[in-house]
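Notes follow the structure.
In my numbering, the protein residues as written are 272 to 384.
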């Protein structure tokens, strides 16, 4: 009886570890695709740089800077999202990306001082 319980416990642990590994390998390409989509969206907004309005130009410049950040930090962002277990909900991924950009931006401002 104790042997069966031990075997079931070991099998349960192996199943959990394999599910966690499978979840990590499936989330990685999805996060990459999400970041690529966000880069594309930022590039579309960056076209506002050529607008007549000052506010629209400013918005376009911010979007261009955000696209550059996502492009250069893509691999690190994916790794951080997997480590943080962000999840697959769109609002969670968007929130993680926005916070990462804001943290980068505030770090760049501190370094400039």
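Every residue gets a Cβ at the ideal spot worked out from N, C-alpha and C, and that includes glycine.
Just so it is clear, the structure is predicted and the values come from calculations on it, not from any experiment.
Please state if the CB of residue j and the CB of residue i are separated by a distance shorter than 8 Å.
i	j	result
residue 303	residue 349	yes
residue 364	residue 299	no
Decide if residue i is buried, meaning its Cβ has at least 16 other Cβ atoms within 10 Å, or exposed.
i	result
residue 317	buried
residue 315	exposed
residue 324	exposed
residue 355	exposed
residue 378	exposed
Sort the options by Cα distance to residue i and report the nearest one.
i	options	result
residue 306	374, 328, 361 and 373	361
residue 297	368, 359 and 369	359
For my contact list, residue i and residue j are in at a C-beta cut-off of 8 Å; report their separation, rounded to the angstrom.
i	j	result
residue 340	residue 366	Rounded, the Cβ-Cβ distance is 16 Å, inconsistent with contact.
| task | May I have a chain-ordered list of the alpha helix (DSSP H) segments no shorter than 4 residues that lie completely inside the segment 325-379? | result | 325-343 and 345-355
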